[in-house]
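In the working numbering, the protein residues as written are 152 to 315.
Just so you know, even glycine gets a beta-carbon here, dropped at the ideal spot from N, CA and C.
In this text the structure is predicted, and so the values were computed from the model without any measurement.
First the structure, in the form of structure tokens, and then the observations on it.
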């Protein structure tokens, strides 16, 4: 049997043709047996026993991150570390507290990649909402002291973003 070699053995349901298979199933911690012939209702009950196990065994989702190229390799930068993104022609500067990265992407593309926890404040700036300390009339002040200008066409959307 191939299950014995698996590090995380599945717990299959199987129709046991013999008593020896029943014993092997017990050794492998099989959750349920389906005896032939079985009804659809019996089959759904067997499947229902697996639902809690599959849900509990599902790997935890990885936190949101960007993959940025740096010196020929890919670097995983978590969204929580990003302070803001500044547009520079065909590139963007991804600014974290530790370092600034230059990445080949458009501002529109970055806004889509970053998602709902980031707000567009200017045609050249996307800001992490978690790092905004102060919202002024013409600029945002971040927790690091950086000042980000607010574009006229982005003011209404930015205010709506903060009212959520």
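Here's the rule I'm using: 16 or more other beta-carbon atoms within 10 Å means buried, otherwise exposed. How should residue i be labelled?
{"i": "residue 271", "result": "buried"}
{"i": "residue 217", "result": "buried"}
{"i": "residue 265", "result": "buried"}
{"i": "residue 246", "result": "buried"}
{"i": "residue 181", "result": "buried"}
{"i": "residue 285", "result": "exposed"}
{"i": "residue 204", "result": "exposed"}
{"i": "residue 309", "result": "buried"}
Which two residues bound the contiguous alpha helix (DSSP H) that contains residue i?
{"i": "residue 307", "result": "306-314"}
Once DSSP output is grouped into helix, strand and coil, what is the label at residue i?
{"i": "residue 224", "result": "strand"}
{"i": "residue 238", "result": "strand"}
{"i": "residue 346", "result": "In the structure displayed, the chain extends from 152 to 315; residue 346 sits before or after that span and is not available."}
{"i": "residue 259", "result": "helix"}
{"i": "residue 271", "result": "strand"}
{"i": "residue 188", "result": "coil"}
{"i": "residue 215", "result": "coil"}
{"i": "residue 294", "result": "coil"}
{"i": "residue 284", "result": "strand"}
{"i": "residue 198", "result": "helix"}
{"i": "residue 175", "result": "helix"}
{"i": "residue 253", "result": "strand"}
With residue i and residue j assumed to form a contact (beta carbons below 8 Å), what rounded beta-carbon distance in angstroms separates them?
{"i": "residue 233", "j": "residue 262", "result": "That belief does not hold up - the Cβ atoms of residue 233 and residue 262 are roughly 12 Å apart, past 8 Å."}
{"i": "residue 244", "j": "residue 237", "result": "4 Å"}
{"i": "residue 313", "j": "residue 277", "result": "At roughly 15 Å, the Cβ-Cβ gap does not stay under 8 Å, so residue 313 and residue 277 are not in contact."}
{"i": "residue 185", "j": "residue 194", "result": "7 Å"}
{"i": "residue 248", "j": "residue 295", "result": "6 Å"}
What is the residue span of the beta strand (DSSP E) that residue i lies within?
{"i": "residue 278", "result": "276-279"}
Segment contact, 8 Å Cβ cut-off, at least three pairs: the stretch 257-266 with the stretch 285-294: no
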